[in-house]
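Note sheet for the following structure.
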Amino acid sequence: MAELGKSGSLQLKALTKHYGTFTAVENVDLEIQSGEFLTLLGPSGSGKTTLLMMMAGFQDITSGDILLDGRSIAAMPAEKRNFGMVFQGYALFPHMTVRDNIAYPLSVRKRPKAEIDARVGEMMELVRLGDFAHRLPKELSGGQQQRVALARALCFAPPVLLLDEPLGALDKNLRTEVQAQLKDIHHRIGTTFVYVTHDQEEALSMSDRIVIMRNGHIEQLGTPTALYQQPTTRFAASFLGKSNFLHRDGAVYALRPEKIDLAAAGHGQGANKVAGIVQSVTYFGSVLKYQVEVLGMGLIEVDVDAWRGGAPLPEHSPVDLTWADNAAVRLNDQS
Amino acid sequence: MKAGLPARFNSGLSWVLLVFLVAPALVAIPVSLTPKRFLSFPTNELSLQYYIKLFSSPEWMSSFWQSAVIAIASTLLATAIGTLCAIGLWRVSSKAGEVVRAILLLPLVIPPIIAAMAFYRLFVPLGLIDSYAGLILAHTVLSAPLVLITVSASLAGFDPRLEQASRNLGASNWTTIRRVIVPGIKPGILAGAVFAFISSWDEIVVTLFLSKFSVYTLPRRMWNGIRENTDPTVAAAAVVLMAVTLVAFTVWALAARRNRTTK
């Protein structure tokens, strides 16, 4: 793999964006390290796309600053920032062939033809598009278009690649495959990736770090493991994975469904034990999802590995729920 | 399924209206073929003598070329101005922009006779009366709104992310317009150019005010021909005028169809 230029670090300082009286992004401080795969995760309206558009230079910032490798780029127009970007829906130029799309950033920079040809060939190989050079975008499948968009965005060796829900248009099976490819490409070229998504699975499977966004501010920031194992708020615990919430001694605890053991009444053994009645059980192939009514706690969700314990316990059967002491995580929210 | 009575009535009425609108124009065709010496319908035989007269007359041919030069020049200008204007308004998309758009579309609502007087008042001190430059300018002002309308319609269906993508990839504003936006709105530009050409090609009111001796367009020569004598050459010229308009329209229709099938 050829050298792809130096990857860059980004610093957002007290970044704020108002639309009239509406605050889309409020006072966001964030350091994105060079070569990192960072995901902005949040529901629609959480400000993640606005944040990305401000980095790309398509949205003016109301206040605050953006620094690339320590230098402010807040006043720099989009075309001077040199950031690669994969757009939602890809935004491929419909009248240009795959080759011309990928060559575009180099041809507007007036690079010699030999260099362009060599570079385009290299990028097409990187994203495995070899035979499609002379096709038009509309003649390609969604997955292939996504790869053209990626090749086009990486062709000019940008220090930072911004990705705006790049897998949103793909069907579910393809998505998992493309996630692996994206991660592999990131690993090989080492460019800083900033990835926007509302899909928690994408965030967990690809990122070095995840920023959970909510109402224009950062709710929680950390590695996928840290966020999943140690959520600090109810929102973080329920947006990234599922959680039961327990109220104990004036505090709220998050308890993941898969961390609870379920046994027929009288057979449960563990530090924490409650009795309940099965309300429903659903088979998902790898797991059985139980909903158990526990007196004083409401409906508790429990995931059990389907291959472990024989036949599922039927509805209305009394059960014991048990979990280890460290399974329940204390949140910062008030009870 | 058989069409109901109201539907058949509708389509019948449409055909009647079409005949009502088109028939007067088509009258020129038989009249141009008359063997007689005055404007009349041919009775027994048909004759091409007035076409021969038209194409061998230096006056008529000169008017033909003058009209062509003025129409082509004002089409090029109006297309460039109207397209850039539409792109600018599309980008700004604000209330102030809509006010500007309304002002730019005014030439379409102002009666031609008023526009003609305004041009006259403005052009006399500028020395543009009876010159190619004056007529080209006036026709450009009259036809640029047509381009603005068709190009704006094309832009309404243009994905603004393509513009963002181009800028993000390092293209300057001008490069983005030339290499991404213009290819994307080509059908609208072409339609606008055809309408601009047609509107200049058969324009008479403003032309009457702004030309005297040195500029003598085809519609103006026809106007004078009808007023001064009843020479059927006028009918032959009218048929040629309509034929050129029809050719321009067909070019556009074919291009639009090809564009639809390749999309």
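From first to last, the protein sequence lines stand for chains G and W.
For what it's worth, the working numbering labels the leading residue of the first sequence as 1, then goes sequentially.
For what it's worth, the working numbering labels the leading residue of the second sequence as 336, then goes sequentially.
All C-beta atoms in this analysis are idealised placements derived from N, C-alpha and C, irrespective of residue type, glycine included.
{"Check": "For a contact defined as C-beta to C-beta under 9 Å, what are the partners of Gly519 (chain W) on chain G?", "Outcome": "Phe93, Pro94, His95"}
{"Check": "Report the residue from G:His247, G:Ile210, G:Phe132 whose alpha carbon sits nearest the alpha carbon of Leu240 (chain G).", "Outcome": "G:Ile210"}
{"Check": "Taking C-beta to C-beta, are Ala479 (chain W) and Phe458 (chain W) nearer than 9 Å?", "Outcome": "no"}
{"Check": "Could you list which residues in chain G have their beta carbon closer than 7 Å to that of Leu490 (chain W), in chain order?", "Outcome": "Within chain G, no residue comes near Leu490 (chain W); the closest Cβ sits about 15 Å away, beyond 7 Å."}
{"Check": "In or out: Asn101 (chain G) buried (at least 16 other Cβ within 10 Å) or exposed?", "Outcome": "buried"}
{"Check": "Are any of the Cβ atoms in chain G nearer than 9 Å to that of Gln401 (chain W)?", "Outcome": "no"}
{"Check": "Any chance the CB of Thr510 (chain W) is under 8 Å from a heavy atom of the ligand GTP?", "Outcome": "The model on display carries no ligand, and the ligand GTP is accordingly not part of it."}
{"Check": "Who are the Cβ neighbours of Ile212 (chain G) in its own chain at under 8 Å, not counting the five residues just before and after it?", "Outcome": "Leu41, Gly42, Ile218, Glu219, Gln220, Leu221, Leu227, Phe235, Ala236, Phe239, Leu240"}
{"Check": "DSSP state of Ile189 (chain G), grouped into three classes?", "Outcome": "helix"}
{"Check": "Could you tell me the distance, in whole angstroms, from the CA atom of His18 (chain G) to the CA atom of Ile61 (chain G)?", "Outcome": "8 Å"}
{"Check": "What is the DSSP secondary structure of Ala263 (chain G), counted as helix, strand or coil?", "Outcome": "strand"}
{"Check": "Pick helix, strand or coil for Ser507 (chain W), following the three-state DSSP scheme.", "Outcome": "coil"}
{"Check": "Which chain G residues are close to Ala506 (chain W), counting only those with a beta carbon under 7 Å from its beta carbon?", "Outcome": "Glu79, Val108"}
{"Check": "Using the C-alpha atoms, what's the distance from Leu504 (chain W) back to Trp323 (chain G)?", "Outcome": "53 Å"}
{"Check": "Does the distance from the C-beta atom of Leu129 (chain G) to that of Leu67 (chain G) stay below 9 Å?", "Outcome": "no"}
{"Check": "Could you list the residues in the region 40-59 of chain G with a C-beta less than 7 Å from some C-beta on chain W, going in chain order?", "Outcome": "Ala56, Phe58"}
{"Check": "Quick check on Val582 (chain W): buried or exposed, where buried means 16 or more other Cβ atoms within 10 Å of its Cβ?", "Outcome": "exposed"}
{"Check": "Please check if any C-beta of chain W sits within less than 9 Å of the C-beta of Asn82 (chain G).", "Outcome": "yes"}
{"Check": "Does the beta-carbon of Tyr385 (chain W) have 16 or more other beta-carbons within 10 angstroms, so that it is buried, or is it exposed?", "Outcome": "buried"}
{"Check": "In chain order, what residues of the same chain have a beta carbon less than 8 Å from the beta carbon of Gly8 (chain G), not counting five sequence neighbours either side?", "Outcome": "Ser34, Leu68, Asp69, Pro159, Val160, Thr192"}
{"Check": "Determine the closest residue to Ala500 (chain W) out of G:Val252, G:Ala91, G:Val304, with distance taken between C-alpha atoms.", "Outcome": "G:Ala91"}
{"Check": "If you drop the 5 nearest sequence neighbours on each side, which residues of the same chain put their C-beta closer than 7 Å to that of Thr232 (chain G)?", "Outcome": "Gln220, Leu331, Asn332"}
{"Check": "Compare the beta carbon distance of Val574 (chain W) and Ile364 (chain W) with 9 Å and say whether it is the shorter of the two.", "Outcome": "yes"}
{"Check": "Residues of the region 470-502 of chain W in Cβ contact with chain B at a cutoff of 7 Å, in chain order, please.", "Outcome": "Absent from the structure is chain B; the protein chains it does hold are G and W."}
{"Check": "Are the CB atoms of Ala531 (chain W) and Gly417 (chain W) within a distance shorter than 9 Å?", "Outcome": "yes"}
{"Check": "Please report the distance separating the alpha-carbon of Leu576 (chain W) from that of Arg592 (chain W).", "Outcome": "25 Å"}
{"Check": "Report yes or no: is there a C-beta of chain G within less than 9 Å of the C-beta of Arg593 (chain W)?", "Outcome": "no"}
{"Check": "How would you label Ala203 (chain G), buried or exposed, when you count the other beta carbons within 10 angstroms and need 16 or more for buried?", "Outcome": "buried"}
{"Check": "Can you have a look at Tyr195 (chain G) and say buried or exposed, based on whether 16 or more other CB atoms are within 10 angstroms of its CB?", "Outcome": "buried"}
{"Check": "At least one CB of chain W closer than 9 Å to the CB of Gly89 (chain G): is that the case?", "Outcome": "yes"}
{"Check": "From what residue to what residue does the beta strand (DSSP E) around Gln334 (chain G) run?", "Outcome": "329-334"}
{"Check": "Nearest-angstrom Cα distance between Lys289 (chain G) and Gln334 (chain G)?", "Outcome": "28 Å"}
{"Check": "Closest by CA to Ala336 (chain G), which one among G:Asp199, G:Val292, G:Glu122?", "Outcome": "Absent from the structure is residue 336 (chain G), since the part of chain G shown begins at 1 and ends at 335."}
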